[in-house]
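Chemist: My questions will all concern the structure given below.
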Amino acid sequence: MSSRIFKDEGLILRTRVLGEADRLVTLLTLGGGKFEAVARGARKMKSKLAAGVDIFSCGEYTFHRGKTWPIITGQNPKERFLWFREDPELYPYGLYLAELTDRLVTGEEPCPEVYRLLLSGWWHLGENGDRVLALRAFELKLAHYLGYSPGLHFCAGCGSEHVCGFSPREGCLFCHDCRPADSIKLETGTVVLARRLLESSFQQVKMIRPSFRQKEELARMNNSFFAYHLDLGELKSKRLLKDL
Ligand SMILES: [Zn+2]
């Protein structure tokens, strides 16, 4: 096989119109990280590629190295996560996972943990359960795998275990005595919840029953941390998910 041809498993994060009939797709691949590739003719009615290069598609793809972008020359679809397309309420949840991954994974460094996390997240959103909580778990895990994880165990000032506030700027927890002025107040249950979400599988996340207040505090913590440290810009999914 020529070195100009390569194969990889991939998840489609985003697609854009290119020229008359092509699509430019953003993939997160198992072996090659995130990159863009061209699906030639994918917008034609009879295209063999079309079905496998939609957002939420998962499959094995064959690429030919092109001058600007790799060109998708073959595909073996494994899953299309059709529930995101068929259920308008579910769609923004799947989109949020894709958009967050697209914004935070920056290059072609292989990141198989993130690949498996997204695949697992898309699977679990199709099942019953607290979807907002699954999204919070996804945020914490994604930040962890990419090395942005906020410290969730001890006071960053003195090392005390009795933490009660989170500073978005510092990205750390603090005790009552060390809390900076900008910190968000958290009850102990919220800190425990964040740790459990980070450490649990999505299957285990379904068993967790946090209080309304804990969920609210965690939303404030994650949103403020992401807003401060990661340039997410405007996400289409966030506009659709008003309760996020
Ligand atoms: Zn302290």
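Each residue of the sequence shown is one higher than the one before, starting from -18 at the first, in the working numbering. Positions of the beta carbon are idealized from the N, C-alpha and C atoms, including for glycine.
Nearest to Glu90 by CA position, among Gly75, Tyr126, Arg112, is which residue?
Modeler: Here the closest residue by C-alpha is Tyr126.
Chemist: Would you kindly work out how many angstroms separate the C-alpha atoms of Ser218 and Tyr77, rounded to a whole number?
Modeler: Using only the alpha carbons, I get a separation of about 5 angstroms.
Chemist: Check whether the Cβ atoms of Pro149 and Phe206 lie closer than 8 angstroms to each other.
Modeler: Their beta carbons are under 8 angstroms apart, which means Pro149 touches Phe206 by this criterion.
Chemist: For Gln56, write down the residues that DSSP places opposite it in a beta bridge.
Modeler: Note: Gln56 sits in a beta bridge opposite Tyr42.
Chemist: Can you give me the C-alpha to C-alpha distance between Lys84 and Phe37, rounded to a whole angstrom?
Modeler: The question names Lys, but residue 84 is Arg in the sequence shown. Between Arg84 and Phe37, the C-alpha separation is close to 16 angstroms.
Chemist: Quick one: complete alpha helix (DSSP H) runs, 4+ long, within the segment 130 to 185?
Modeler: Counting only runs of 4 or more, we get 169 to 180.
Chemist: How close, in whole Å, do the beta carbons of Gly(-9) and Val19 come, if the pair is a contact with beta carbons under 8 angstroms?
Modeler: About 14 angstroms; that fails the 8 angstroms criterion.
Chemist: Check whether the Cβ of Ser164 lies closer than 7 angstroms to any heavy atom of ligand 1, and answer yes or no.
Modeler: Because no heavy atom of ligand 1 lies under 7 angstroms away, the Cβ of Ser164 does not count as near it: no.
Chemist: Could you tell me the alpha carbon to alpha carbon distance between Phe(-13) and Ser130, rounded to whole angstroms?
Modeler: For Phe(-13) and Ser130, the distance between alpha carbons rounds to 33 angstroms.
Chemist: Please determine whether the Cβ atom of Ser141 lies at a distance below 7 angstroms from any heavy atom of ligand 1.
Modeler: Yes, since a heavy atom of ligand 1 falls inside the 7 angstroms radius drawn around the Cβ of Ser141.
Chemist: Would the C-beta of Gly138 count as close to ligand 1, meaning under 7 angstroms from any of its heavy atoms?
Modeler: Within the cutoff, so yes.
Chemist: Alpha carbon to alpha carbon, how far is Arg97 from Gly12? Give it in angstroms, no decimals.
Modeler: Distance between the alpha carbons of Gly12 and Arg97: 12 angstroms.
Chemist: Kindly identify the DSSP beta-bridge partner or partners of Gly(-9).
Modeler: BP columns for Gly(-9) point to Thr10, Gly40.
Chemist: Per DSSP, what kind of secondary structure is Phe16 in: helix, strand or coil?
Modeler: Strand at Phe16.
Chemist: Bridge partners of Arg4, per DSSP?
Modeler: Paired residues: Val(-2), Ala20.
Chemist: On the premise that Pro93 lies in contact with His221, defined as a C-beta separation below 8 angstroms, what is that separation, rounded to the nearest angstrom?
Modeler: Strictly speaking, residue 221 in this sequence is Leu, with His absent from that position. The pair is not a contact, with the Cβ atoms about 29 angstroms apart (cut-off 8 angstroms).
Chemist: Cutting at 8 angstroms between CB atoms, please list the residues of its own chain near Gly132, excluding the five before and the five after it.
Modeler: If we look at Gly132 and ignore the five residues flanking it on each side, its Cβ neighbours are Gly152, Cys153, Leu154.
Chemist: Does any heavy atom of ligand 1 sit closer than 7 angstroms to the C-beta of Asp158?
Modeler: Answer for Asp158: yes, Cβ within range of ligand 1.
Chemist: Can you tell me where the alpha helix (DSSP H) holding Ser218 begins and where it ends?
Modeler: Segment 217 to 221, the alpha helix (DSSP H) holding Ser218.
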